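Below: one structure, written as structure tokens.
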Amino acid sequence: MEKPKIWLVTGASKGIGLALVKLLLTKGQKVAATSRNASDIADKITDHQENLLTLTVNITNSEEVAASVAKVIAHFGRLNVIVNNAGYSIYGSVEALSDQEFRQAIDVNLFGTVNVIRAALPYLRQQRSGHIINISSVAGYKGFGNSPSYAAAKFAVRGLSESLAEEVKEFNVKVTMVAPGFFRTSFLDKGDQLVGKNRIAEYHVDRLVNVLKKMNGHQKGDPEKLAAAIIQITEETNPPAHLLMGPDAYEIVSEKFKADMNEIEQWKALTISTDLDESDDAHQFEI
Ligand SMILES: NC(=O)c1ccc[n+]([C@@H]2O[C@H](COP(=O)([O-])OP(=O)(O)OC[C@H]3O[C@@H](n4cnc5c(N)ncnc54)[C@H](OP(=O)(O)O)[C@@H]3O)[C@@H](O)[C@H]2O)c1
8 MEKPKIWLVT
18 GASKGIGLAL
28 VKLLLTKGQK
38 VAATSRNASD
48 IADKITDHQE
58 NLLTLTVNIT
68 NSEEVAASVA
78 KVIAHFGRLN
88 VIVNNAGYSI
98 YGSVEALSDQ
108 EFRQAIDVNL
118 FGTVNVIRAA
128 LPYLRQQRSG
138 HIINISSVAG
148 YKGFGNSPSY
158 AAAKFAVRGL
168 SESLAEEVKE
178 FNVKVTMVAP
188 GFFRTSFLDK
198 GDQLVGKNRI
208 AEYHVDRLVN
218 VLKKMNGHQK
228 GDPEKLAAAI
238 IQITEETNPP
248 AHLLMGPDAY
258 EIVSEKFKAD
268 MNEIEQWKAL
278 TISTDLDESD
288 DAHQFEI
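According to our numbering, the sequence shown is numbered sequentially starting from 8.
Here it is as structure tokens:
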């Protein structure tokens, strides 16, 4: 039988993270699971607790993150798969969101992921193996109105993942960015905290929030199936660099790419008109 892998999953107290931790444990894997309050995870896991290490971590604090990754290594002896899952959205226009609200969303969704990767990479690099899975979103491909901080963070997670993949390829460390559509989790359960404190009526954030509130509890995506897909890609020799999850994600992102391609072609003449007039073919650069 194959040796169990050691997984680190952030934001594991509910939703996708919790579904993944539960499924991993039933499959005999060993899991370090983080939450801002570790007891929120422990309370929900009854089986295979011997293979679970719960950690209270504020992922925006790089020192706390480094200490917790060190604990995982000390406890399990190694680390194989990291799932940067913790994240949240706050709704409101660019103009209405406060600086603090905007930065906090970037801090959790982007820097939380960066902190975990930075802390884990020395081990994975030395080990010459590992798989880093970063949960982005459809919002990492298409910016929706009244969701700018989340889109900025999730687009950034996509760029981060692509850059990282290139950097760590030679160390046999794989990177996959996963972009879910709407999944039935606690993601939209935040009541008044779903929207920034400041409202500017002309941006109609209420229209969006009413739709999201109606959708809450009826999302078609099944977190357990998403969890199974994540496990599946870690078993592949050549896992995807990007994985969309859900028919809605497929639809939205493929339409977005088509629209982007159309725009690129529509403006091609202007795009390619900007080189200096003198031709200097001797200088061709490749990155
Ligand atoms: N559900 C969807 O429709 C959907 C769609 C696209 C992408 N996603 C992404 O999928 C990931 C998981 O979301 P989910 O749907 O499972 O949501 P969820 O049910 O709300 O769970 C989110 C998890 O992230 C953590 N988290 C939330 N706010 C945080 C904060 N301010 N600081 C640190 N951790 C925080 C929570 O950890 P604690 O244990 O510390 O509370 C929680 O366990 C997120 O990155 C989300 O952006 C979800």
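All C-beta atoms in this analysis are idealised placements derived from N, C-alpha and C, irrespective of residue type, glycine included.
Fair warning: this is a prediction, and the values are worked out from it, not measured in the lab.
Proximity test, isoleucine 66 beta-carbon vs ligand 1 heavy atom, cut-off 7 Å: yes
Lysine 34 burial status per 10 Å Cβ neighbour count (16 or more: buried): By the neighbour-count rule (16 or more Cβ atoms within 10 Å), lysine 34 is not buried but exposed.
Cβ pair threonine 183, isoleucine 140 closer than 8 Å: yes
Reduced DSSP category for glycine 84 - H, G, I as helix; E, B as strand; rest coil: coil
Counterpart residues of lysine 181 in DSSP-defined beta bridges: His138
Lysine 204 versus Ser20, Glu108, Gly166, His211, residue with shortest Cα-Cα distance: Glu108
Cα-Cα separation between glutamine 239 and threonine 41, rounded to whole angstroms: 22 Å
Cα-Cα separation between asparagine 68 and alanine 127, rounded to whole angstroms: 14 Å
Identified DSSP bridge partners for asparagine 91: Asn141
Reduced DSSP category for valine 64 - H, G, I as helix; E, B as strand; rest coil: coil
Residues bridged to leucine 219 (per DSSP): According to DSSP, leucine 219 bridges with nothing at all.
Segment limits, alpha helix (DSSP H) that includes alanine 49: 46 to 49
Cβ-based burial, tryptophan 274 [other Cβ within 10 Å; buried from 16]: exposed
Glycine 99: CB within 7 Å of a non-hydrogen atom of ligand 1: Not one heavy atom of ligand 1 lies closer than 7 Å to the C-beta of glycine 99.
CB of alanine 234 within 8 Å of CB of leucine 59, strictly: For alanine 234 and leucine 59, no; Cβs fall outside 8 Å.
At least 3 beta-carbon pairs within less than 8 Å: the segment 243 to 250 vs the segment 205 to 213: no
Leucine 251: first and last residue of the uninterrupted beta strand (DSSP E) it sits in: 249 to 252
Own chain partners of lysine 37 with C-beta closer than 6 Å, once the 5 adjacent residues on each side are dropped: Pro11, Ile13, Asn58, Phe83.
Within-8 Å CB hit, glutamine 134 to chain C: Any reference to chain C falls outside this structure, which holds one protein chain only.
Any non-hydrogen atom of ligand 1 closer than 7 Å to valine 123 Cβ: no
CB of valine 90 within 8 Å of CB of threonine 17, strictly: For valine 90 and threonine 17, yes; Cβs fall inside 8 Å.
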